[in-house]
Each structure stands twice: as C-alpha cells, then as structure tokens.
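Protein sequences appear in the order of chains A and B. Terminal number for the first sequence in the numbering used here: 347, no gaps in between. Terminal number for the second sequence in the numbering used here: 384, no gaps in between. Let me begin by presenting the structure, written as structure tokens, before commenting on it.
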Amino acid sequence: MNSLPEPVADRGGPAQPLLIARDLRKYFPLGGGARVHAVDGVSFSIAKGETLGIVGESGCGKSTLARLLMQLMPRDAGELILDGDPVGGPHGISVAAMRRQVQMVFQDSASSLNPRLPVQDSVAFGPRVHGRSRSAALEVARAALRQVHLDPALIGPRYPHELSGGQKQRVNIARALAIGPRMVVLDEAVSALDKSVQAQVLNLLVQLRRDLDLTYMFISHDLAVVRHISHRVLVMYLGQVMEVGPVAQVFAAPRHPYTRALLASRPSMDPARRTETLAISGDPPNPVDLPPGCRFAPRCPHAEAVCTAANPALAGGADHLAACLIQVPGSGHSQAPGLEAAA
Amino acid sequence: MSAPLLEIADLDVAFHGDGTPVQALSGVSLRLDPGQVLCIIGESGSGKSVTLRAMMRLLPERRARIGGQISFAGRDVLAMTDRQLRAMRGREMAMIFQEPMTALDPVYTIGAQIAETVRRHLGGTQAAARARALDMLERVGVPSAARRLDAYPHELSGGLRQRAMIALALSCGPQLLLADEPTTALDATVQIQVLLLLRRLQAELGMGIVFVTHDLGVAAEIADRVAVMYAGRIVEEGSVAEVLGRPAHPYTAGLLASSVEHVAPGAEIAAIPGAPPDLRALPPGCSFAPRCRHAVAACDATVPPPVRPGPGRMARCFTPLGFAPSGHAVEEHVA
Ligand SMILES: Nc1ncnc2c1ncn2[C@@H]1O[C@H](COP(=O)(O)OP(=O)(O)OP(=O)(O)O)[C@@H](O)[C@H]1O
Ligand SMILES: Nc1ncnc2c1ncn2[C@@H]1O[C@H](COP(=O)(O)OP(=O)(O)OP(=O)(O)O)[C@@H](O)[C@H]1O
Ligand SMILES: [Mg+2]
Ligand SMILES: [Mg+2]
Numbered sequence: 005m006n007s008l009p010e011p012v013a014d015r016g017g018p019a020q021p022l023l024i025a026r027d028l029r030k031y032f033p034l035g036g037g038a039r040v041h042a043v044d045g046v047s048f049s050i051a052k053g054e055t056l057g058i059v060g061e062s063g064c065g066k067s068t069l070a071r072l073l074m075q076l077m078p079r080d081a082g083e084l085i086l087d088g089d090p091v092g093g094p095h096g097i098s099v100a101a102m103r104r105q106v107q108m109v110f111q112d113s114a115s116s117l118n119p120r121l122p123v124q125d126s127v128a129f130g131p132r133v134h135g136r137s138r139s140a141a142l143e144v145a146r147a148a149l150r151q152v153h154l155d156p157a158l159i160g161p162r163y164p165h166e167l168s169g170g171q172k173q174r175v176n177i178a179r180a181l182a183i184g185p186r187m188v189v190l191d192e193a194v195s196a197l198d199k200s201v202q203a204q205v206l207n208l209l210v211q212l213r214r215d216l217d218l219t220y221m222f223i224s225h226d227l228a229v230v231r232h233i234s235h236r237v238l239v240m241y242l243g244q245v246m247e248v249g250p251v252a253q254v255f256a257a258p259r260h261p262y263t264r265a266l267l268a269s270r271p272s273m274d275p276a277r278r279t280e281t282l283a284i285s286g287d288p289p290n291p292v293d294l295p296p297g298c299r300f301a302p303r304c305p306h307a308e309a310v311c312t313a314a315n316p317a318l319a320g321g322a323d324h325l326a327a328c329l330i331q332v333p334g335s336g337h338s339q340a341p342g343l344e345a346a347a
Numbered sequence: 050m051s052a053p054l055l056e057i058a059d060l061d062v063a064f065h066g067d068g069t070p071v072q073a074l075s076g077v078s079l080r081l082d083p084g085q086v087l088c089i090i091g092e093s094g095s096g097k098s099v100t101l102r103a104m105m106r107l108l109p110e111r112r113a114r115i116g117g118q119i120s121f122a123g124r125d126v127l128a129m130t131d132r133q134l135r136a137m138r139g140r141e142m143a144m145i146f147q148e149p150m151t152a153l154d155p156v157y158t159i160g161a162q163i164a165e166t167v168r169r170h171l172g173g174t175q176a177a178a179r180a181r182a183l184d185m186l187e188r189v190g191v192p193s194a195a196r197r198l199d200a201y202p203h204e205l206s207g208g209l210r211q212r213a214m215i216a217l218a219l220s221c222g223p224q225l226l227l228a229d230e231p232t233t234a235l236d237a238t239v240q241i242q243v244l245l246l247l248r249r250l251q252a253e254l255g256m257g258i259v260f261v262t263h264d265l266g267v268a269a270e271i272a273d274r275v276a277v278m279y280a281g282r283i284v285e286e287g288s289v290a291e292v293l294g295r296p297a298h299p300y301t302a303g304l305l306a307s308s309v310e311h312v313a314p315g316a317e318i319a320a321i322p323g324a325p326p327d328l329r330a331l332p333p334g335c336s337f338a339p340r341c342r343h344a345v346a347a348c349d350a351t352v353p354p355p356v357r358p359g360p361g362r363m364a365r366c367f368t369p370l371g372f373a374p375s376g377h378a379v380e381e382h383v384a
C-alpha cells in the first residue's frame, strides 16, 4: 500500500551519525558594520533514528540553524556531514542530493502551501522535481496523504484555504514525506496548532518516525513538546549552544543556569502551587550588542567576574555537556570544582 | 453576595456578510465579581476574542447581530451611547492584547501616550499626567523608567512593550481589565514575569480581570475562576482548582488529557479526535457531541442546558463526568 519512494540507502552504517554539524556560523550584516550573530559556532550530531530537540527563546537562532542545514542560505563557516559525506564543496555531495535525504516542515502551514494549487499538486511537486512523471508523482502524493491520515480522494483536490490548520500541517508533513527522506527538520511544526490538534499531529510524528525509520531535528520553544518527542535536546541562547544531552537528564538535572531558568519559567499547571519567585528577570538581549564572555552572564544569578572574561566552551562528561564555567574544574568560578577533582 | 462587576446573560453574536451567517457566540452567560480573575479558555475560533470585544462594544456594529445583555457595574453596555462608551473605555474598562503594537501608537512616545490617556479621562496638568506615566512604568517594572518615557514603542523589546501596554491600560485605574492572550507571543522567561506582574497589580489595584488564553498552565497561574469555551458556548465554568482538577465537561477533560505534560515521553497522547464544527452550520445538539466519547442520543437532539454539577459550578452537558447525570437545569447562572 505504501508507495512512497524508497529512501536513499544507508552508507555509513549504524555507528555513523546521520548528520554532523561542525562549528556552523551565520552572521547577518546590518547597516554600519553591526552584525546579528544568529548562529555562532554551533556543533552537534544526530544519530540515525534519533530525534534531536532544539529549544531556546525567540531570536536565539533556531530557524537560522534549520535554514543552514537545509542549504536555504549559505553559511559563513562550518561543515555539514550527511551520513559520512560532506555537503557542498568540491568533494561533497550536492545540495540536491542532500535534499533528497533531508526535508523540512515549517511553522506557518498556511503560507508554505501554494494557495492556487490543490494540495495534492503541492505534495506531488517534490516527486516531479525528482524526475517522476505527472501521474506517478500524483500516485506518490496520494500515498503520502494516506500516510498522514488524510483521505486523498477527499482532501487531495482541495485548496489550502479549504483545510483546517491541523489538516494543512498534515499536508506539509506529507509533502516532506513524498520525497522519501531519511531525515525531517521540523521548525515549530506544531506550535501554531491548538492543543487538541497538536496532540494529534505529535502522535502522527511519533508513528511516522517508527514506521518510516525517520530521524528528526525538532525545533520548538515549547519545552513540554520537545521533551515528549526528543531523545536528546540542545538548548540555544543568542546563537550558541548552552547545553546538550539526553532529554531525561537535561530535564531532571539541568547543568546550565539558563536551562534551569527556562525550566523554572514553565507555568505550574497546579493552581495550588503557583510560581512565586522568578528564576530570571529581563528579556533576552539582542544578538547585535553581545555581552563579553558568557552570553547569559548579564541575566545569570550565578554570574561572577570570571564569566565576563571568556566565552565558555561546552564541557562536562560523556554525552551531557554545558557551556558554563561552573562545570569546568579550576575555572575560577567559586562554584566550580577544584582542579584536583578533574585529576 | 456583592453585586457583580460584570454580568453577561445569553449573549449571542452572529456575523452577517456575503454568505451564511457565522454564529460566533451562542447564549454566553458569565459573571465576574469585583476583584476577581476569570480566565476564558478555548481553542482558536471558539469565540474568546469576540466575547471580549462585545464587552467593550468593539464589534463591527453593522455586521454583527448582538443579542442578550451585558451589564457592567450595573449599567447596560449594549444601550450605551458613543459618548458613554468613550468615557468608559480606557477609564473604567481597559483592554490589553497579544500584540502590543495594536494598542500602542508607533508615532508617539510611551510617556506621551500614557499622559494623553490620563489627561483625557482624569484631567489635570501635563506635568501631573507625565508624573503618573512615570509612576505607571515603574509599577510595571520597566527598568530606567524615566528614560523609557521618551522611547518609541519600536525601541523597546517585546517584553517591555507588553509592560508599556499594561501601564497604558492601567493608567486610569480601571475596575475591569480585559486581557486577550497578553502573554501568548512572549518568550517563556518573559511570560512568567508578565503573569506575576499582572497578579501583583491585580491584588494592589483590586481590579477584576477577564483573561483570555488557550493555555491551561497560564490559567492555573492567574485565574480564580475558569470558563471553558467551545464553538461559541461556555461549556463549563467553576473555580480554577475544580475545573482543572476535576473537569465536568468531556471537552475540558479531553483538553487536559491531550496535554503532553500528562503522558510519558513518546507515548501516545490521548488526543481528542476530529475538529470543532463550522460556525456557519452548528449541529442542533451539543457542538462537542460528534467528538465526545460519552455522547448519548440526547446530545445530538438538543443543546444541553446548563446544569450545576457541584456548588459554584456550571456545565452544559447531559453526562457530566464524575457527577450523577442530572437533568435539573440551573435557573439563574450562579457563580
Ligand atoms: N535574513 C535575516 N536578516 C537579518 N537578520 C536575520 C535574518 N534572519 C534572522 N535574523 C535575525 O537572526 C536572529 C536569529 O533569528 P532566528 O529566526 O534564527 O531565531 P529563532 O530562534 O528561530 O526565533 P523564533 O523562535 O522567533 O522563531 C534574530 O535576531 C533575527 O532577527
Ligand atoms: N469581524 C468578524 N467578521 C466575521 N467573523 C468573525 C469576525 N470576528 C470573528 N469572527 C469569527 O468568529 C469566530 C470566533 O472568533 P474569535 O476571534 O472570538 O476566536 P478566538 O477564540 O479569539 O480564537 P483565537 O484563539 O484564534 O484568537 C471565528 O470563527 C471568527 O472567524
Ligand atoms: Mg524560528
Ligand atoms: Mg482571539
């Protein structure tokens, strides 16, 4: 029944991460020599079949990171490696070859579909571009719509404005699936949906991941949603990675004060135990005038003079890392362990 | 029992335009006591904003057919003249929005806008109005408030703009604040600051608040009472602890069960199947019945009348959860 295209075969084997990003950088020039440090030295890897969640507040660079991965804009620096192959450059795989394997779903489900096309044609567009005949591409589109639990006969001929928000977002997911990708980048893919519809789409994403062996990068500012769907989570602040680790560990024992502040800012859900004190005050600063040293220091309750001296690197143990001097033995921060602890 | 600050009875709003009329509100009844915080919870299109706009008489009067009563501090809002409305808006009843730029004028400084509102409603000198503006900005926690008086809205961050809008809304000491998702667009760390701020100001100023949100967590942080809206009807109402802790209406229970907070990571979420009805063609019975696991034949036949499943609670359901099915309708809507 499933006539979705076969994904590109595994090349590197199970131990080779599906995607490695090394030191990605993107600055947007403003007038007068100022620059927005949208993504500033971000590195991570995503294993095959894994879901990496990306969280952080508005403007921290999540969407820019996704666009860099999808080659929707050139990066200033850094490397992308897809299943062992560098992407772009003289020895790498082409952008087209990469997009055959990695697809993206955007937040704004309405404006990412062509309003003048029946949605089945929007879904068939990818397979057409990848060389299928018109009728074969429509067949793939119908299979993709079935995969997201939409009736192709009923929904396929409709136009975007005739669909609900949840249905449109399913169509967007179907469009990504119609290429037969190995990985899907989901940028705030459920954020605009009502809670009851959001639950339906999250269930669908979990089911598709299992049925189609998909790898996800799941971007959201909603911590509860990220916790639900991710295996590992990466916390961004002002273009940089503050913390990365297995989702259960990061939520149960966050290592970066920013992660702790984010977690403490969630509404309580229990009217008998309302939030009484604020974890942090102020707004996230703007990514143009960056503070010296650690970017979180101006809002951090634990900041000391050393924190403004240099930007801390990710450190910690094993697979749970945080960019905080408190994690670094002998860093000079009064809460850091002594050097002998590291020996 | 004190006289209510706000009382809405059987409010109907239908929008007439080119095609079939949109029945945005059907028989909405609400009551708010002075100094109380009522949250209206509901999903997109359920009628939350229309309810608030009706209270302020901000609906397009030629297209919107309005039925029922709205009484504010004992006065009939639907019978007010333009002049009376202008005197009421911003003075006794003020509103804040999700997007502060809808309330703030981009071409005037924050200080000038607050001072202008203060002078229009309360009179007094320019200097006194400006002093009041400064006081308000300080109260809402704008850092370096004296400097921010002369800032234009676009020069402020999202969180500060939201605070400035709150300062503007509260500058004339309203008895009732209408808040339409004022924290939805804010970052998590800023949202909780604004919620705590509103809670503190509410206690200090003793005003009533009707706070619209689709976020159950936000309601848990700020509400005394909660009204749950579905397809233009209030389907359940009661104290925040009871409605969130022991929901009576299957829709409320479904919303709570479909929160990701309530399941193990990666496990299937108990999502409510289906989607809300088309407001141009509401079913004759309960609008939620087509999606409801507990629906019985009666649910498709007639709209359930309000019943009182417990003291201080109302539900429009023939089979309220955890309560004996009860046919006896609430005669008058008691909060
Ligand atoms: N094309 C662009 N030109 C200039 N600045 C940009 C551009 N795109 C993004 N930015 C800036 O880069 C920073 C990061 O933006 P980005 O959209 O990646 O953030 P985000 O984390 O996705 O935020 P949100 O949660 O609001 O979607 C922001 O300060 C943004 O204003
Ligand atoms: N001026 C108008 N003319 C026609 N229909 C309208 C008008 N204003 C609102 N509606 C309709 O009334 C219904 C209720 O809208 P309302 O804005 O109150 O929803 P809401 O609960 O505030 O949703 P959201 O969470 O998306 O803000 C919707 O179907 C909407 O399309
Ligand atoms: Mg974004
Ligand atoms: Mg609204």
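C-beta: ideal position from N, C-alpha, C; glycine also.
Simplified DSSP state of residue i, which is helix, strand or coil
i: I24(A); result: strand
i: A58(B); result: strand
i: I151(B); result: The displayed chain sequence assigns Thr, not Ile, to residue 151(B). In the structure shown, T151(B) sits in a helix (DSSP, three-state: H, G or I).
i: D215(A); result: helix
i: K52(A); result: coil
i: V248(A); result: strand
i: Q279(B); result: Going by the sequence as given, residue 279(B) is Tyr instead of Gln. Of the three classes helix, strand and coil, the one that applies to Y279(B) here is strand, per DSSP.
i: V59(A); result: strand
i: E285(B); result: strand
Beta-carbon proximity of residue i to residue j, cut-off 8 Å
i: S115(A); j: D191(A); result: no
i: P156(A); j: Q124(A); result: yes
i: G57(A); j: L238(A); result: yes
i: Q162(B); j: L217(B); result: yes
i: L153(B); j: P192(B); result: no
i: V245(A); j: V12(A); result: no
i: L74(B); j: T100(B); result: yes
i: I241(B); j: T263(A); result: no
i: M150(B); j: M105(B); result: no
Within-8 Å CB hit, residue i to chain A
i: G84(B); result: no
i: D236(B); result: yes
i: V71(B); result: no
i: G208(B); result: yes
i: I283(B); result: no
i: A252(B); result: no
i: Q118(B); result: no
i: H298(B); result: no
i: E381(B); result: Note on E381(B): pLDDT 38, under 50, position unreliable in the model; the coordinate value appears next. Chain A contact via Cβ: absent.
i: A213(B); result: no
i: Q242(B); result: yes
i: S93(B); result: yes
i: I318(B); result: yes
i: S78(B); result: no
i: L304(B); result: yes
i: S98(B); result: no
Any C-beta of chain B under 8 Å from that of residue i
i: E54(A); result: no
i: N118(A); result: no
i: Q204(A); result: yes
i: M5(A); result: At M5(A), the pLDDT of 45 sits below 50, so the modelled position is not reliable and the matter cannot be decided from this model.
i: R299(A); result: no
i: I233(A); result: yes
i: M102(A); result: no
Buried or exposed (CB count within 10 angstroms, at least 16 for buried), residue i
i: G160(B); result: buried
i: S200(A); result: buried
i: E320(B); result: The residue you asked about is not Glu; residue 320(B) is Ala in the sequence shown. Buried, by the Cβ-count rule.
i: V99(A); result: exposed
i: V40(A); result: buried
i: A308(B); result: Reading off the sequence shown, one finds Ser at residue 308(B), where the question assumed Ala. The residue is buried, with at least 16 neighbouring Cβ atoms inside 10 Å.
i: P342(B); result: In the sequence on display, residue 342(B) carries Arg and not Pro. Result: exposed.
i: M185(B); result: buried
i: M108(A); result: buried
- [ ] Can you check the segment 199 to 275 of chain B for any alpha helix (DSSP H) of at least 4 residues that lies completely inside it and give the ranges in chain order?
- [x] Note on the segment 199 to 275 of chain B: whole alpha helix (DSSP H) runs with a minimum of 4 residues are 207 to 219, 237 to 254, 265 to 271, in chain order.
TODO: Please go through the segment 105 to 166 of chain A and give each complete beta strand (DSSP E) segment of 3 or more residues, from N-terminal end onward.
DONE: Look at the segment 105 to 166 of chain A and you find these whole runs of beta strand (DSSP E), each 3 residues long or longer: 106 to 109.
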